[in-house]
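Trainee: I have a structure here, written as structure tokens, and I will follow up with some questions on it.
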Amino acid sequence: RAAIITSKILGPTQEHVGSESNQCSLHHFQVSFHQLGWDHWIIAPNLYTPNYCKGACPRVLRYGLNSPNHAIIQNLVNELVDQNVPQPSCVPYKYAPISILLVEANGSILYKEYKDMIAQSCTC
Amino acid sequence: KVGQPSAALLAEAPTLPLIQELLEEAPGKQQRKPQVQGHPMRYMLELYQRSADAHGHPRENRTIGATMVRLVRPLANIARTLRGPQYIQTLDFPLRPNRIAYQLVRAIMVYHHQVYLAGFHLSCHVEPWVQKNTSNHTLSSERGSSKPSLLSKAWTEMDITQHVQQRLWDHKGHRVLQLRFICQQQKGSEGLQLPWHDTSSLDTAFLLLYFNDTYKSVQKAKLPPRGQEEFKKRDSSLFLHRAR
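Protein sequences appear in the order of chains A and B.
All residue numbers for the first sequence refer to the working numbering, where the first residue is 965 and numbers rise by one.
All residue numbers for the second sequence refer to the working numbering, where the first residue is 12 and numbers rise by one.
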């Protein structure tokens, strides 16, 4: 049965025809620091683009999704062994940092680069 | 939930450094926004614009050399006249407690070397001030190297990293960096009384502390990954086996 699943990697996948837009992908999203309740603290930038990952992970994981071996096994376990084990989730794969200028409560001004603040690509 | 304080949501995961900072350092919504304007804010905005674009993406060619820069303003200043046309202000800079994850890279004193006050031109410089005991103040012989600021020609930057690291950085508890801001009247205006007591040095001198975030290396040092420990054990047993 595993062979049936893996053979689909070679041919076109039929299972999610018509739901291409629902597949795991990066979605652009912008938020203001006012919306987060931090505009009294953060001076720059005004807007923050964290983005997010959303969508279903395909039953047969594509090469471009950068999924680890573990995700492939988890898919097989879900399908062949135990459906209580979920299919892999759609999560960020690469991140970018953001520079922030803020005023601290004591009046000091802080420039800081925060790592991993913007999702740049997704994986399953 | 738009507009609602996010502290309650964040308190659920207080171990992450970002969450800790948000909980500890973000002023409460009920607090008034700290008003910082004038030269310090302009200086930091300029530094920000050179280091990041309008969306906050750090520029690839940035020359900042650190992941965090804190501008500290002096607490108070005491103006007093010394002999002749020389004016001295003692500036107190409060230093926050050290955080293990942040390594001090540089400490820079930024000041105006030319001050125009009540129609007089003054030339100024900064010197570290070392307090040997409560009754005897001594001017330190150490002096940092001064050079014009990269950001604006009006500013001079003096590197006092060594002074801060040697004398203050490893001290625990409340620490104050004391510096003297010394101004001298330029030729032709000596002998005239300046309204120095009316001025504030808050906008003419401030301290920049540059830090690098070493959170990941600190975490690694504290908690070696399980796999790594196992590898070490296996490695040492292999070594013993070979020796045998």
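All C-beta atoms, glycine included, are put in the ideal place defined by N, C-alpha and C.
1) Could you check where the alpha helix (DSSP H) with I1073/A kicks off and where it finishes?
2) Does any CB atom of chain A fall closer than 8 Å to the CB of T256/B?
3) For E168/B, report the span of its alpha helix (DSSP H) as first-last.
4) Listing by chain order, which chain A residues have their CB less than 7 Å from the CB of P51/B?
5) Answer with yes or no whether the minimum CB distance from E1077/A to chain B is below 8 Å.
6) Quick one: residues in its chain with C-beta nearer than 6 Å to the C-beta of F997/A, no 5 flanking neighbours on either side, listed in chain order?
7) May I ask you to report which of helix, strand or coil DSSP gives S1031/A?
8) Would you mind stating whether P221/B and A63/B have Cβ atoms separated by less than 8 Å?
9) When you compare the CB of P1014/A with every CB in chain B, is at least one pair closer than 8 Å?
10) Which of the three DSSP states, helix, strand or coil, is assigned to H136/B?
11) Can you list, in chain order, the residues of the region 1053 to 1066 of chain A whose Cβ is nearer than 9 Å to any Cβ on chain B?
12) So I99/B and R178/B are in contact, right, with Cβ under 8 Å, and what is the actual spacing, rounded?
13) Roughly how many whole angstroms lie between the Cα atoms of G1071/A and Q197/B?
14) Assuming N986/A contacts A1020/A under a Cβ cut-off of 8 Å, what Cβ separation, rounded to an integer in Å, is found between them?
15) Counting along the chain, where does the beta strand (DSSP E) carrying H123/B start and finish?
16) Report the option in G1001/A, Y1016/A, Q994/A and N1010/A whose CA atom is closest to the CA atom of K1058/A.
17) At the level of alpha carbons, what is the spacing between S151/B and V126/B?
Mentor: The answer reads as follows:
1) For I1073/A, there is no enclosing alpha helix (DSSP H); the enclosing beta strand (DSSP E) covers residues I1073 to T1087.
2) Here chain B comprises residues numbered 12 to 255, so residue 256/B is not present and cannot be evaluated.
3) Looking at the DSSP string, E168/B is not in any alpha helix (DSSP H); the run it does join, the beta strand (DSSP E), is W166 to D170.
4) Neighbours of P51/B on chain A, chain order: I1073.
5) Chain B contact via Cβ: present.
6) Cβ neighbours of F997/A beyond the five flanking positions: D1003 and I1006.
7) Coil at S1031/A, not helix or strand.
8) In the sequence as presented, Pro is not what sits at residue 221/B; that position holds Tyr. No, the Cβ-Cβ distance between Y221/B and A63/B is not below 8 Å.
9) Residue contact check for P1014/A against chain B: no CB pair falls below 8 Å.
10) Correct three-state label for H136/B: strand.
11) Cβ contacts with chain B: A1060, P1061, I1062, S1063, I1064, L1065 and L1066.
12) Not confirmed; about 20 Å, so no contact.
13) Computed Cα separation, rounded: 33 Å.
14) Contact flag correct, Cβ pair sits at about 5 Å.
15) DSSP places H123/B inside the beta strand (DSSP E), whose first and last residues are Y113 to H123.
16) Of the listed residues, the one whose Cα sits closest to K1058/A is Y1016/A.
17) At S151/B the pLDDT is 46, less than 50, meaning the model places this residue with poor confidence and gives no usable figure here.
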